[in-house]
Amino acid sequence: MSDEVIDVSPIQSTEVLKRVNALLSLQDKTQDICDQMEKEIEEIKKKYGKLMEPLFEKRGQIVSGSHEPTEEETKAKEEHSIEGLTSDASIKGIPNFWLNVLRNDPEFGLIIQESDIEPLSFLSNIVFVDNETDDEEKESFTVEFHFNENEFFTNSVIKKTFDFSEEAMVIENTPIQFKEGKNFTIKKVSKSVKAKGKGKKPASSTKIVEEKVPGFFADFLCPSANEDEIDELNEIQNEFCAKLREIILPNAILFFLGRTEEFTQGYGDEGYDFDEDFDDEEDDDDEDDDAPPKKGGRASNPAIPNNPECKQQ
């Protein structure tokens, strides 16, 4: 084999450099087209989002029972049928509609716990509102969770407002106004406390402390996190709300019926675990510092995917 060193550097002459710069110029034009495409996609999404609004409003009326559908309105391309049902005019609307919509999604279903089920049965509607901003570089939207009167809290609407800028993403959550003795997001537990002392074996005492109960309300609607965890928590919440807006809400009846295969392909058996990812520091202290970090599988399925050939800026 020859000892001659072969120059494999890609740019070996001014002529090649000229051609490289020509490709960079083409890349600039490609990116301009991609940027224009993204703007037009956003305009299209806004246009058709407006067209969907009256349909979502009618859906909310049917679910709540304020509107009874006519025979003409029940003519779906593929009607759902169940044998053996009997009439019951006392049932209003569609009970537990949004509870079942969320539970039938693989990721929301993971964070909804037993303690959430009864409170979520009072969820009557989910609405997204785009907020106006003074700066074109900033975006803002609010997701509203509407609740019927219930025994757990006084809020009729619980809001999550997302504000986006080049610097950061800020999420504002409506505090839940729990009725006395009805805060299901915390539980009281007894813990043993060792008394300090020398010589004899120190005695221990018991004290009552409050612990968070993981679930939809505690970890998604009104979560809390340490300062160094807030950015990651916000990112997870943003992805959940993006999925809620772009996939679940437009197809809510299909999620209610469990017809979710086409929307959940590619999802693993595990999703985000808010409580696992953002546990109290004292729980972290109990773990081996050398232990590998826990992982939670996740997948996204946006309604309009980004063009893989376009660099996102």
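With the working numbering as the guide, the letters of the sequence shown map in order to residues 747 to 1059. Here a beta-carbon is modelled for each residue, glycine too, at the ideal position from N, C-alpha and C. In this text the structure is predicted, and so the values were computed from the model without any measurement.
- In the three-state reduction of the DSSP assignment, D781 falls in the helix class.
- Ranked by how close their Cα comes to the Cα of L1003, the residues N846, E829, E819, V762 have N846 in first place.
- With a threshold of 16 other beta carbon atoms within 10 Å, A964 meets it and is buried.
- The three-state secondary structure of L763, taken from DSSP, is helix.
- Assigned with DSSP and collapsed to three states, I858 falls in coil, not helix or strand.
- Looking at the backbone, the Cα of V939 and that of I954 are separated by about 10 Å.
- By the C-beta density criterion, P865 is buried, having at least 16 other C-beta atoms within 10 angstroms.
- Between S911 and E878, the C-beta spacing is not below 8 Å.
- Looking from the CA of K958, the closest CA among I872, V935, N842, E978 belongs to V935.
- The DSSP-derived three-state label of L866 is helix.
- Around the C-beta of L979, 16 or more other C-beta atoms lie within 10 Å, and the residue is accordingly described as buried.
- Spatial neighbours of M915 in its own chain (CB-CB distance under 6 Å, excluding positions within 5 residues in sequence) are listed in chain order as N980.
- Every alpha helix (DSSP H) stretch that sits fully inside the segment 782-858 and reaches 4 residues is listed by chain position as 843-849, 854-857.
- By the neighbour-count criterion, in which 16 or more other beta carbons inside 10 Å mark a residue as buried, L797 falls on the exposed side.
- Under DSSP, S938 forms a beta bridge with T952.
- 8 Å or more divides the Cβ of R805 from the Cβ of A988.
- Apart from the 5 residues on each side of it in sequence, H813 sits with its Cβ closer than 6 Å to the Cβ of Q807 in its chain, given in chain order.
- Pairwise C-beta distances place the segment 895-910 in contact with the segment 920-935, as three or more of them are shorter than 8 Å.
- Between D880 and F887 a beta carbon distance of about 16 Å is seen, past the 8 Å cut, so the two are scored as non-contacting.
- Cβ-Cβ distances below 6 Å link V873 to E890 in the same chain, with the five nearest sequence neighbours on each side left out; the list follows chain order.
- Cα atoms of S759 and N767: separation of roughly 13 Å, rounded to the nearest angstrom.
- Its chain contains V809 as the residues whose beta carbon lies nearer than 6 Å to that of I840, once the 5 sequence neighbours on both sides are disregarded; these appear in chain order.
- Here T820 is exposed: its Cβ has fewer than 16 other Cβ atoms, across all protein chains shown, within 10 Å.
- At least 8 Å separates the beta-carbon of I857 from that of F1001.
- By the C-beta density criterion, L831 is exposed, having fewer than 16 other C-beta atoms within 10 angstroms.
- With contacts defined by Cβ atoms closer than 8 Å, S861 and F893 do not form a contacting pair.
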